[in-house]
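Each residue of the sequence shown is one higher than the one before, starting from 807 at the first, in my numbering. Structure first, then comments.
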Amino acid sequence: MTFAALSTAALVASALAAAAAVVTLYLLRRTPRTQVVSNVEFWRRAVERSRPRALFATRVPWLALLLSLAIALLLVAELGDPRVGTGFSGTTVIVLAADRTMAARDDRGRRRLDDALALARATVLADTVTGQVAVVRAGLRPEVIVPLTHRAADAERALGSVEADDGAADLAAAVALGRAIVHATHGPGRVLVVADRDNFARPADPAVTVVLAPVGSPGETLAVTALDARRDPLALGEYHVRCEVRSYSARRARARLVIRDRDTVLSEQRVTPEPGEVITHRARGFSSAQGELSARLEDIDLEGGRDALAADDVAYATVPPVVATRVLLVTRGDRYLANALAANPSVELETVDPLGLEARRRTLGRYQVVVLDRIAPSPPLDHPALLLVGAVATRSLRVGPEVAAPRVTAFAADHRVLAGLRFDQVQVSLARPLVPEADDRVLVRGGRDALVIARDRDGARTLALGFDTEHTDLVQRVAFPLFMHNALVWLDRREREFHSWQAPGEPIRASGSPAVVLTPSGAAREVRGALYDTARAGIYHTADRAIAVSAADEAGALSAAAGSRDTRRGAPPNRAPLSLVLAAAILGLLCVEWVLTQRGRLH
């Protein structure tokens, strides 16, 4: 047995001090001798003679003294925090996963996080005997919740308040933080990862060993893995919703999928995905105001099983209100551009020729986007959002020689401008390749030639096309109006209209200093610049908009991590704490002393 709270010298000194105090108290308790007298006078004389004259002139109740000494020594032993066994000799950094899958429950209703906390507590109790321990919480962002300590009580207070986030844990960053803590001690150490998966790097470091202590068992769940919404560019006030439901089960599942805009039900239907099947459901809504959407799985039934994770049964999204975009089109006459922009109900279009542009140079700030059709004004326009169709060479944009019939070989489908579009079948008969600079993004490429580039520099955005509407069949495709709509959204910095949610942990920007952000629970948080505590999914509100924080794309299979559990680190089952054992022993000794005293055995 070892003692974690006191050193050996301090423990011996405390025991000697307690024993000396008990013996001294018993010696100072002078007990008169018993004498038999026949009258009061004799009684008075007997009292005078029986009064003790010296320190040791007393009858010591030896059994009571020994019991008191035992009680005092047991109290000193408990203060020393006795531990049975030995732990890791050095520094142990516990990386505790606290993400959404750690909230999964087993058949008894016990969370994986509960098992992880029990394992962490057992490790702390063992390793603080011969070393020091720190605890890193691996949530959306890694954080040290227990600095290096030799006291188990310090870790116990912090572990009692750990909760799971709604997003995915950054285990790699948490492990790197744990290794840095060990390296800072300049001694031997290890990083113990308590998690339900092992998808983190384990670098070959002889000074720091990374060990996985897996928790959890395989589980099954039905999850909402995606929820997106966007406005229809051809129908004022209408918006489209796409919801994706995935089955992570070996059994057939049944559930009711309900999509709501606040309290209004947009869609309600039964879904019955087969094992591993993905079901995509689409719905439509109509409102010119801001929409706050939620997709929820209700009445989930897995044949012969249960849904282990409740956090992935709901997802959130927002739809921005209809806002008119003022666009200035400068052209010598392009009916495709004019018609595509005019058909967009959220666009306020004004069309001018190059001469009319000169008269509007001083009022360009009235327009959110300026579209230049095969025109390079001199001097160049000073505007933060430019769409160049059939781009002409300028001082800031270099253009190569004409190329006949370039074939589209690649396009950036992940960029906002090309979201939901395919350019691999688009034909271009004549183009002038663009020469991108280091920070430009090439959106469409024909071999080595850049046909479309996007530039975001110094607060200004430019989208340049190396071909015009007369030399491509893009204008004859249904994708052309959507391409123009996406271009205006990106140039006007309204990317969130399509990506209608953000992942937990991403900051929420709020204008004003200070500003107030309402959390999904309704609590008002005063922030300066941004709110970084967004670990909970739901709808957050600022003064001018609503932001959906949703972990829909983070859903994953619920399975145990590979590897074997270190059984020596498990918490002893059904074993009472040592403090309770000592308290019971002390209470029993006190009862024995009282009984013997009442029977006169100690006189």
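From the three backbone atoms N, C-alpha and C, an ideal C-beta is built for every residue, glycine too.
Residue closest to residue i, alpha-carbon to alpha-carbon, out of the options
i: A1117; options: A1349, A1341, R1351, R1048; result: A1341
i: M908; options: G973, A961, V882; result: G973
i: L875; options: L1072, A928, A821; result: A821
i: P1126; options: R918, W1307, V829; result: W1307
i: L1063; options: D1107, F1092, L1042, Q1096; result: D1107
i: A1133; options: I1065, L1192, D1113; result: First, the residue type needs correcting, since residue 1133 is Val and not Ala in the sequence shown. The shortest Cα separation from V1133 among I1065, L1192, D1113 belongs to L1192.
i: R1201; options: P1185, L871, S967; result: P1185
i: G1394; options: D1159, L1028, I877; result: I877
i: D1274; options: A1211, D1230, H1347, L1297; result: A1211
i: L977; options: D960, R947, L954, A961; result: R947
i: V1016; options: R1003, P1024, G995; result: G995
i: A1029; options: A1144, R1166, A1101, N1292; result: A1101
i: A1035; options: R1138, T991, Y1122; result: Y1122
i: V1071; options: V1047, L1257, A975, Q1231; result: V1047
i: R1068; options: Q1075, S1055, R1058, G1097; result: G1097
i: L872; options: L1257, A816, T830; result: T830
i: L998; options: E1026, L1170, L925, A961; result: L925
i: R1254; options: G1265, A1285, A1216, Q1231; result: A1216
i: A964; options: A980, R1057, R943, V981; result: R943
i: A827; options: L1040, T1031, V882; result: V882
i: R927; options: A959, P1310, G915, P953; result: A959
DSSP-derived helix/strand/coil call for residue i
i: D1188; result: coil
i: R1334; result: coil
i: P1242; result: coil
i: T991; result: helix
i: Q1430; result: Since the first residue shown for the chain is 807 and the last is 1409, residue 1430 is missing from the structure and cannot be characterised.
i: L1042; result: coil
i: Y1142; result: helix
i: P1126; result: coil
i: I877; result: helix
i: T1015; result: strand
i: P1183; result: coil
i: E1164; result: helix
i: G966; result: coil
i: D912; result: coil
i: L1135; result: strand
i: V1092; result: Looking at the sequence itself, residue 1092 is Phe, so the reference to Val does not match. If DSSP states are grouped into helix, strand and coil, F1092 belongs with the strands.
i: V1176; result: strand
Assumed close pair residue i, residue j - CB separation to whole angstroms, cut-off 8 angstroms
i: G1196; j: L1271; result: 7 angstroms
i: T929; j: V988; result: No, T929 and V988 are not in contact; Cβ-Cβ is about 15 angstroms, not under 8 angstroms.
i: T1124; j: L1099; result: 7 angstroms
i: A903; j: V1000; result: 6 angstroms
i: R1267; j: P1190; result: 7 angstroms
i: L1033; j: S1356; result: 6 angstroms
i: L1103; j: D1119; result: 4 angstroms
i: P1160; j: V1136; result: 6 angstroms
7 angstroms CB neighbourhood of residue i in its chain, flanking five on each side removed
i: D1372; result: With a pLDDT of 43 at D1372, under the threshold of 50, the modelled position of this residue cannot be trusted, and the question is left open.
i: E1082; result: Per the sequence shown, residue 1082 should be read as Gly rather than Glu. Counting only Cβ-Cβ distances below 7 angstroms, and skipping sequence neighbours, we find S1053.
i: N1380; result: The predicted model places N1380 with a pLDDT of 44, which falls under 50 and marks its position as unreliable; any figure quoted below should be read in that light. Cβ within range, chain order: n/a, list empty.
i: Y1173; result: R1132, V1133, L1134
i: R911; result: R917, A1114
i: H992; result: none
Residues that residue i bridges to, as DSSP identifies them
i: G903; result: In the sequence as presented, Gly is not what sits at residue 903; that position holds Ala. BP columns for A903 point to A944.
i: V1064; result: E1074, R1102
i: Y1346; result: I1353
i: P1326; result: Beta-bridge pairing links P1326 to no other residue.
i: S1053; result: L1028
i: R1263; result: A1266
i: Q938; result: T897
i: H1087; result: C1049
i: T955; result: V939
i: Q1308; result: V1355
i: D1410; result: Residue coverage of the chain in this structure runs from 807 to 1409, which leaves residue 1410 outside it and unanswerable.
i: R985; result: Per DSSP, none; premise fails for R985.
i: P1020; result: A1001
Proximal residues to residue i (C-beta, below 8 angstroms), its chain only, five neighbours per side dropped
i: V1205; result: A1197, V1198, A1199, R1238, P1239, L1240, V1241, G1272
i: F1289; result: V1223, L1224, L1227, L1280
i: E1208; result: L1236, A1237, R1238
i: R1331; result: V1322, V1323, L1324, T1325, L1337, D1339
i: A1349; result: A1316, S1317, G1318, A1321, V1322
Close beta carbons around residue i, own chain, < 6 angstroms, minus the five adjacent residues each side
i: S1073; result: I1065, A1089
i: F1092; result: G1043, E1044
i: A1410; result: This structure cannot speak to residue 1410, because the chain is shown only from 807 to 1409.
i: A1007; result: A978
i: V1333; result: A1316, A1321, V1323
i: V1077; result: V1051, A1061, L1063, I1085
i: A825; result: L875
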